[in-house]
Every structure is written in structure tokens, then in C-alpha cells.
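Visitor: Here you go, one structure.
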Amino acid sequence: MATYNSFEDLPVWRSAKDLAILIYRVTSQGKISRDYGLKDQIQRAAVSVSSNIAEGFERGTKQEFIQFLYIARGSCGELRSQLYIAKEIGYLNGEEFKKLCEATRKVSKQINGFIEYLKEAKILGQKFFDKKFRSQREFLKKLEEIRNKNR
1 MATYNSFEDL PVWRSAKDLA ILIYRVTSQG KISRDYGLKD QIQRAAVSVS
51 SNIAEGFERG TKQEFIQFLY IARGSCGELR SQLYIAKEIG YLNGEEFKKL
101 CEATRKVSKQ INGFIEYLKE AKILGQKFFD KKFRSQREFL KKLEEIRNKN
151 R
């Protein structure tokens, strides 16, 4: 698995961000756009997914990151539940609902896979990197850049 230097590098974060953007686009039009309570709940749950992934990454420990990934996955489930309600009361048509639910399932699956990977990973997190490890990591990164440049 690749080394990630920021949460923006994480494929799971990018998928969650794209999901939130999709949710905002769908909820900004039609009947749902006028139901401020449900629209707000749906949008908040969608934003919560990518936000918790980012916050967990920035915490700096594997254990905290995993905890925030569980919260993100929970928010994804919350979002999917709210989409069912929006469909049942006629705010989403079948096609919109199907597209959004598939997107939430995809993100949940990605989050779950990442949780399982992190549980098995030997690293403890960024907070535990000592000065020697950081220097070695920076050296290897620079070496990789030089190698890629010369290809």
C-alpha cells in the first residue's frame, strides 16, 4: 500500500468528498431543496464522512485514525438511512436514490477495507515517528523523486 502524506492523498477521502458534492448537487434542487430540516441533515451526514476521515488522519495515531474511520462509516450509514426516507416521501426518484445509495455503499466498503488494512499495519502513526525515522523517510522520498525524474 502507498504512503500517504496528507488526507487529500487518501482514495477513501476523495471518494467521500465526491459523495458529499454529489449529495449537495442533488439536494439543491427539487422538492428536497425546500425541506430545510431533512436537506440539512442529509448534507451534514454527507460532509461528516469526509470530515471524520480527514480529522482521524490528522490526529497522528493509528488508533485514533481507526476510531474516526468508524465514525465516518457510521455517518455513511446515517446518510443512507436518510436517503431512504427522502425516497419514501417522494423527494428522490428511483434513479437518484439508486445512484446515491450505491455511492454510500461504495464509500462504506472503502472505509471498511481501510480499517481492516490499518488494523494489520505495523505502524503506530505519525506521532510516533522519531527524528531518525523522519530523516530516513525524507531521504527515501527524495531518492524516489530523483529516480522517477531520470526515467
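Numbering of the sequence shown is given in the numbering used here, commencing with residue 1 and proceeding in unit increments. A virtual CB, placed ideally from N, CA and C, is assigned to each residue, including glycine.
Under the rule that 16 or more other beta-carbon atoms within 10 Å means buried, what is Ile153, buried or exposed?
Guide: The structure shown does not extend to residue 153, since the chain is modelled only from 1 through 151, so no value can be given for it.
Visitor: Mind the definition here: the region 62-69 touches the region 17-31 only if three or more C-beta pairs lie below 8 angstroms; say whether that holds.
Guide: They do not touch, by the three-pair rule.
Visitor: Confirm, please, whether the CB-CB distance from Ile85 to Leu38 is below 8 angstroms.
Guide: yes
Visitor: Applying the 10 Å Cβ sphere with the 16-neighbour rule, what's the burial state of Gly56?
Guide: buried
Visitor: Specify the secondary structure class of Gly60 as computed by DSSP and reduced to three states.
Guide: The three-state secondary structure of Gly60, taken from DSSP, is coil.
Visitor: If you compare alpha carbons, which of Tyr70, Ala121, Glu116 is closest to Ser51?
Guide: Tyr70
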